[in-house]
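Engineer:
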Amino acid sequence: MSQTGTETEAQAEFRQGLMFGLAAYGMWGFFPAYYKLTDTISADLVVSHRILWSVLFVGLFLYLRGRWPEVREVFRQPKVLKGLAASASFIAVNWLVFVWAIANDQVLDVSLGYFINPLVSIVVGLVVLHERLSIGQGAAVAIAALAVVLQAVLAGGLPWVSLVLAFSFAGYGYVRKVTPVKATPGLFVETLLLFPLAVGYVLLSLSWGEDALVLNDLPVLVALAGTGIVTALPLICFSSAARRLPLFMIGLMQYIAPSIHFLMAVYVWGEPLDQTKLMTFLMIWGALVVFTYDSWRRYRRQARAQPVATS
């Protein structure tokens, strides 16, 4: 009876994790649609507001959950604080390029960037952590690199939006991996460190009139105020999913967001998908198939290698 109860509990945890994961990646997938609401103002002002409202919303969330001691603990650890300062720099660049790309109808490049990201993370692990590449990982990275080179040659330039998004997010992921702090308190401290710059920029924009226009445009103002919620909510859902799902499942779900980006770019906003871009996407998708299959095989080997519990 107890075994059945345990299995039911595990299944319930898995279902909850699946729902939280789908919610997180679904929300991230529809981010371009949300930020289209603010494309009448500059990307740097949007990001400044995103930082301000994130500090307010995430800070309130942590306070209501009784997690303020976790924030104080970060400020008692200089190494953790330095790590979050570095990750804040990466995420600020990522947010800025992301919002700029959406406002300039480059959602396909955003999609490509987040498809490339897992492969860039492999390269970061190789260079920084000296991790060994499996044959499958090496093949996937080689295919992705070839795709980028071919696009640069055929299109006459690198897909810089995609590359900046991929490398900035991979850098962010690496720093957060080696910085011992939980997701939500970490996000709060990151945005808090960026807060003075954001306030300064908003005040400057008031002096030259741009933010004054925002204050007179209620829909845009509401959308900007909502950036705090849309920044924090997917992260909270993701943290809940990560506690309940195996890493391999989380790895598969990360393709949901760029897939939504791709579909919306082509079928909602009508961005042109020429032969060069299509070839690049097909090669990246091929690389991801190789990478995912390799990850699945290693996950299966590890699962079989774990000792079976006996009663």
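Just add 18 to the spot in the sequence shown (first one is 1) and you have this note's numbering. Virtual Cβ for every residue (Gly too), placed ideally from N, Cα, C. This one's a predicted model, so the numbers in the text were calculated from it and none came from an experiment.
DSSP on L263, reduced to helix/strand/coil?
Structural biologist: In this structure, L263 counts as coil in the three-state DSSP scheme.
Engineer: Within the present structure, is the beta-carbon of G174 separated from the nearest heavy atom of the ligand HEM by less than 8 Å?
Structural biologist: No copy of the ligand HEM appears in this structure; indeed no ligand is present at all.
Engineer: In this structure, does DSSP put P203 in helix, strand or coil?
Structural biologist: Helix at P203.
Engineer: Tell me where the alpha helix (DSSP H) around P177 begins and ends.
Structural biologist: No alpha helix (DSSP H) holds P177; DSSP gives it neither H nor E.
Engineer: Here's the rule I'm using: 16 or more other beta-carbon atoms within 10 Å means buried, otherwise exposed. How should P290 be labelled?
Structural biologist: The residue in question, P290, is exposed, as its Cβ has fewer than 16 Cβ neighbours within 10 Å.
Engineer: Using the C-alpha atoms, what's the distance from F309 back to Q155?
Structural biologist: Distance between the alpha carbons of Q155 and F309 is about 6 Å.
Engineer: Is it the case that the segment 255–270 contacts the segment 82–96, given that we only count it when at least three CB pairs across the two stretches are under 8 Å?
Structural biologist: Flag = no, the segment 82–96 and the segment 255–270 do not touch.
Engineer: Please state whether the Cβ-Cβ distance between A201 and L164 is less than 9 Å.
Structural biologist: No, they are not a contact pair.
Engineer: Pick out whichever of L296, R150 and F256 has its Cα sitting closest to the Cα of M37.
Structural biologist: Nearest option by C-alpha distance: F256.
Engineer: Just mark R315 as buried or exposed, buried being the case when its beta carbon has 16 or more other beta carbons within 10 Å.
Structural biologist: Classification for R315: exposed.
Engineer: Could you give the residue range of the alpha helix (DSSP H) that holds D62?
Structural biologist: Segment A61 to L82, the alpha helix (DSSP H) holding D62.
Engineer: Give a yes or no on whether the C-beta atoms belonging to L130 and P177 are separated by under 9 Å.
Structural biologist: Yes, Cβ-Cβ distance for L130 and P177 is below 9 Å.
Engineer: Taking DSSP as the reference, what is the three-state secondary structure of P198?
Structural biologist: P198: coil per DSSP, three-state reduction.
Engineer: Go through the segment 274–314 residue by residue and report every complete run of the beta strand (DSSP E) that reaches 3 residues or more, in order.
Structural biologist: For the segment 274–314, not a single whole beta strand (DSSP E) run of length 3 or above is found.
Engineer: Would W118 be called buried (16 or more neighbouring beta carbons within 10 Å of its own) or exposed?
Structural biologist: Burial call: buried.
Engineer: Pull up the distance between the alpha-carbon of R322 and that of T56, whole angstroms please.
Structural biologist: Roughly 50 Å between the two C-alpha positions.
Engineer: Taking C-alpha atoms, which residue in N234, M297, M45 and A30 lies nearest to T245?
Structural biologist: Per the Cα distances, M45.
Engineer: Identify the continuous alpha helix (DSSP H) that holds G101 and give its terminal residues.
Structural biologist: It spans P96 to A121 - the alpha helix (DSSP H) in which G101 sits, taken as one unbroken run.
Engineer: Tell me which residue opens and which closes the alpha helix (DSSP H) that R90 is part of.
Structural biologist: Where R90 is concerned, the enclosing alpha helix (DSSP H) stretches over W86 to F93.
Engineer: Looking only at its chain, what residues have a beta carbon closer than 8 Å to the beta carbon of L220, apart from the 5 residues adjacent to it on each side?
Structural biologist: The sequence given here places Val at residue 220; Leu does not occur at that position. Cβ within range, chain order: L63, S66, H67, L70 and D229.
Engineer: Please report the straight-line C-alpha distance between D123 and A283, rounded to a whole angstrom.
Structural biologist: Using only the alpha carbons, I get a separation of about 8 Å.
Engineer: Taking 8 Å as the threshold, find out whether the segment 88–100 comes into contact with the segment 147–154 through three or more Cβ pairs.
Structural biologist: No, the segment 88–100 is not in contact with the segment 147–154.
Engineer: Considering only C-alpha positions, which residue in the set G269, L296, T58 and M267 is nearest to L281?
Structural biologist: Here the closest residue by C-alpha is L296.
Engineer: Tell me the rounded alpha-carbon separation between D127 and T26.
Structural biologist: The alpha-carbon atoms of D127 and T26 are separated by roughly 43 Å.
Engineer: Checking 9 Å against the spacing of the C-beta atoms, do Y273 and F133 come in under that value?
Structural biologist: In contact: Y273 and F133 (Cβ atoms closer than 9 Å).
Engineer: Taking its Cβ as the centre, do 16 or more other Cβ atoms sit within 10 Å of E91, making it buried, or is it exposed?
Structural biologist: E91 comes out exposed.
Engineer: Can you tell me whether DSSP reads E27 as helix, strand or coil?
Structural biologist: Helix.
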